[in-house]
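In the working numbering, the protein residues as written are 305 to 640.
Ideal Cβ placement from N, Cα and C applies to all residues, glycine included.
Data first, discussion second: the structure below is written as structure tokens.
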Ligand code: ADE
Ligand code: ZN
């Protein structure tokens with residue numbers, strides 16, 4: 305089987321995906337007109353044309369502006385359903401999806417609007433396609449820790465729907481140490497923990513995420529490569545990195561896909577995974593990211609299978625489910 309076909313055929317998980325970042329320009333346009341929200345664009349094409357970024361912040365400015373069209377329960381249901389449909393098409397059988405409550409609560413759109421909408425779409429995807437979905441509630445790191453603590457409290461009625469907490473938004477100047485208390489509280493409540501670190505920020509932020517926030521996974525983490533001791537720690541402890549190749553190119557973390565270090569990290573035996581981050585803004589969903597590694601980095605079949613297996617190993621699925629998917633992958637690869 306060709307590598308392209310194998311990418312499509314293999315069951316996969318996606319572990320680093322911001323649901324607000326899957327808002328396609330066409331849906332943004334439709335919701336803006338539904339709610340009478342004025343956008344600084346005069347067509348869907350003009351929205352698409354604006355997706356040129358020089359760094360993380362230039363993207364975040366547009367991303368928060370775009371999220372303003374999400375107002376009622378049906379908007380959030382459409383958003384989640386559109387992404388889960390893409391998962392089905394890409395053979396993503398399990399997804400761990402981040403959402404940013406503060407992006408919505410700050411506009412007067414509360415948990416009672418978006419959580420039931422997410423649940424409805426997740427139930428439908430489970431029933432139609434057998435897909436499993438976990439939610440990761442992410443705190444915005446450019447805001448004070450007390451706001452994150454308030455968000456954790458506001459979410460109380462929905463704790464059973466949430467698997468983990470995360471940390472995203474503007475990394476530089478907002479180190480993990482700013483959020484020690486809220487992560488300790490989340491851990492005490494039984495949540496798994498993840499944090500964006502080492503996307504634009506230095507290896508020191510990854511150390512802090514590990515030592516101070518005690519995270520189970522690092523989101524991005526591509527700058528680990530600058531610190532040999534850190535690489536050894538990640539490898540020895542099997543701490544996964546959820547890497548997002550196309551995101552890193554769009555946000556100029558690397559100048560070109562040919563320079564991306566994901567396969568070096570993989571060949572160094574780190575538990576690296578492939579993810580789309582904000583697919584609507586970065587021009588590709590999960591399989592597009594795998595295909596980019598094939599085209600520009602000459603990823604081979606062994607590396608592909610390792611990356612896909614890592615996506616299950618790094619997930620928060622129960623061990624029996626992980627093992628069952630790993631066995632299915634071995635059978636599929638052996639029988640192709
Ligand atoms: N929020 C959405 N996408 C993000 C990214 N790539 N880094 C930090 N915060 C984000
Ligand atoms: Zn991200």
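Around the ligand ZN, the residues whose beta-carbon falls short of 6 Å from at least one of its heavy atoms are 320, 322, 472, 500, 523 and 581, given in chain order. With a minimum length of 4 residues, the unbroken runs of alpha helix (DSSP H) contained wholly in the region 313-373 fall at 329-339, 348-353 and 360-371. Residue 528 places its beta carbon less than 8 Å from that of residue 502. When the five nearest sequence neighbours on each side are left out, the beta carbons in the same chain lying within less than 8 Å of the beta carbon of residue 415 are those of 405, 409, 458, 459, 461 and 462, in order along the chain. In this structure, the alpha-carbon of residue 621 lies about 14 Å from that of residue 544. For the set 479, 443, 422 and 630, the Cα lying nearest the Cα of residue 504 is the one of 479.
Among the bridge pairs identified by DSSP, residue 631 is matched with none.
Per DSSP, the continuous alpha helix (DSSP H) segment holding residue 605 begins and ends at 605-617.
Distance from the CA of residue 557 to the CA of residue 359, rounded to the nearest whole angstrom, comes to 8 Å. Three or more Cβ pairs drawn from the region 314-324 and the region 388-399 lie within less than 8 Å of each other, which places the two stretches in contact. Counting other Cβ atoms within 10 Å of its Cβ, residue 602 stays below 16 and is therefore classed as exposed. For the set 351, 569 and 465, the Cα lying nearest the Cα of residue 420 is the one of 465. Secondary structure of residue 413 (DSSP, three-state): coil. The Cβ-Cβ distance between residue 577 and residue 552 does not fall below 8 Å.
Ranked by Cα distance from residue 525, the options 634, 335 and 546 are led by 546. If you compare the alpha carbons of 579, 434, 367 and 598 with that of residue 400, the shortest gap goes to 579. Just so you know, the alpha carbons of residue 326 and residue 586 end up roughly 10 Å apart. Look at residue 590: its beta carbon is at least 7 Å from all of the heavy atoms in the ligand ADE.
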